């Protein structure tokens with residue numbers, strides 16, 4: 002859901018706003034994101050099967066949020082943004098691969114089709130919600146907020162800078178902090194730890 006709010010929605014306008022509408026910069030950042038996903042997929046295909054699959058999922062998610070979203074938020078140039086895009090997408094294949102293995106092992110073969118269909122329906126139903134909500138938050142909440150004159154804005158400007166796109170950078174900051182925290186906290190859930198027994 003967090004990726005719908007940021008990467009799949011406001012990444013392009015944020016990069017363009019903060020790079021003087023430089024299409025080359027945006028292209029480089031998007032290319033790095035694609036390269037990260039490809040390399041992540043190749044690494045997944047050659048690595049040994051994980052014994053603690055749930056841990057891999059949430060550690061990978063934590064890395065993606067920490068090195069991806071947070072770096073994207075504080076970055077002010079193409080080098081930071083490119084690294085963030087690469088770091089955000091590299092762990093994703095590890096997450097999806099381990100999720101699928103857990104589902105295949107935990108769910109009886111007779112009902113796997115139905116379970117996967119429901120999983121996909123629920124998962125993809127968040128796409129339009131995230132896209133609509135992300136655009137609204139950027140245009141009407143975060144960008145106007147970063148143009149205001151408050152102590153909180155002054156503090157945030159130290160982290161993400163100011164001007165056009167700074168509100169969207171704060172959105173990446175929020176998703177990075179929230180996503181990282183949720184991923185780490187999930188590692189300590191007994192229910193999730195039980196999935197490591199697959």
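Residue numbers (this note's numbering): 2 to 199. Where is the CB? At the ideal position from N, CA and C, for every residue including glycine. The structure displayed is predicted, hence computed values, not measured ones.
Alpha-carbon to alpha-carbon, residue j and residue i
i: residue 180; j: residue 63; result: 7 Å
i: residue 119; j: residue 29; result: 36 Å
i: residue 163; j: residue 36; result: 30 Å
i: residue 172; j: residue 21; result: 20 Å
i: residue 107; j: residue 57; result: 17 Å
i: residue 156; j: residue 86; result: 25 Å
i: residue 38; j: residue 113; result: 26 Å
i: residue 115; j: residue 69; result: 33 Å
i: residue 151; j: residue 144; result: 14 Å
i: residue 109; j: residue 84; result: 41 Å
i: residue 76; j: residue 125; result: 29 Å
i: residue 138; j: residue 128; result: 15 Å
i: residue 193; j: residue 32; result: 34 Å
i: residue 141; j: residue 17; result: 18 Å
Short Cβ contact (8 Å threshold) for residue i with residue j
i: residue 27; j: residue 46; result: no
i: residue 19; j: residue 166; result: yes
i: residue 200; j: residue 34; result: Missing from the structure shown is residue 200; the chain here goes from 2 to 199 and no further.
i: residue 41; j: residue 93; result: yes
i: residue 88; j: residue 161; result: no
i: residue 174; j: residue 6; result: no
i: residue 196; j: residue 103; result: yes
i: residue 66; j: residue 184; result: yes
The alpha helix (DSSP H) enclosing residue i, as first and last residue numbers
i: residue 69; result: Residue 69 -> no alpha helix (DSSP H), and no H or E assigned at all.
i: residue 151; result: Segment: none, residue 151 is in no alpha helix (DSSP H) and carries neither H nor E.
i: residue 192; result: 191 to 195
i: residue 50; result: Element bounds for residue 50: n/a, residue is neither H nor E.
i: residue 19; result: 12 to 19
i: residue 136; result: 113 to 137
Candidates the options, of which the one nearest residue i by Cα
i: residue 43; options: 153, 99, 91 and 107; result: 91
i: residue 188; options: 55, 16, 70 and 109; result: 55
i: residue 82; options: 95, 53, 25 and 149; result: 25
i: residue 49; options: 158, 98, 183 and 124; result: 98
Distance cut-off 7 Å: residue i Cβ against heavy atoms of the ligand MG
i: residue 184; result: The ligand MG is not part of this structure, which contains no ligands at all.
Beta-carbon separation (whole angstroms), residue i vs residue j, contact threshold 8 Å
i: residue 10; j: residue 131; result: 7 Å
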